[in-house]
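Numbering (my numbering), first residue to last: 3 to 84.
In this text, a Cβ means the ideal position worked out from N, Cα and C, and glycines have one as well.
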Amino acid sequence: QETFVAPVSVPRLPSRFYFLFLKPVQTNDLDYKDKKACQDAYDKIKADVEDGIAKLLKDRENDPFKDFGARVFYEAVNNRTE
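Right, here's the structure in full:
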């Protein structure tokens, strides 16, 4: 006879969210029939987004307060509640 062990999930404490807003993409002058121009615009936008994600991942890795406990402790010690 086997003993059933239910899977256990341990919730993680909340972490920070990281956002990066890039400059708007202007497509007013882009001719949708010009495949090369569309591909060039796509490649540029894709590269910008990938660079932005890489920057956010690097910033998250270097953030001393990315973990909930350290952030709450810092805020409590320094009377930061905003």
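**OP:** Kindly list the residues whose CB is nearer than 6 Å to the CB of residue 18, restricted to its own chain and excluding five residues on each side of it in sequence; keep chain order.
**Re:** As a first step, residue 18 is located in the sequence shown; it is residue number 16 there, counting from the start. If we look at residue 18 and ignore the five residues flanking it on each side, its Cβ neighbours are 68.
**OP:** Write down every uninterrupted run of the beta strand (DSSP E) in the segment 10–70 whose length is 3 residues or greater and which is fully enclosed by it, in chain order.
**Re:** none
**OP:** Tell whether a beta-carbon distance below 9 Å holds between residue 24 and residue 51.
**Re:** Counting from one through the sequence shown, the residue named residue 24 turns up at place 22. Counting from one through the sequence shown, the residue named residue 51 turns up at place 49. Going by C-beta atoms, residue 24 is nearer than 9 Å to residue 51.
Original post:
Among 13, 20, 5 and 47, which has the Cα closest to the Cα of residue 65?
Top reply: On the sequence shown, position 63 is the one that residue 65 refers to. Of the listed residues, the one whose Cα sits closest to residue 65 is 20.
Original post:
In angstroms, rounded to a whole number, what distance separates the CA positions of residue 59 and residue 10?
Top reply: The count along the sequence shown starts at 1 and reaches residue 59 at position 57. The count along the sequence shown starts at 1 and reaches residue 10 at position 8. Those two C-alpha atoms are separated by around 29 Å.
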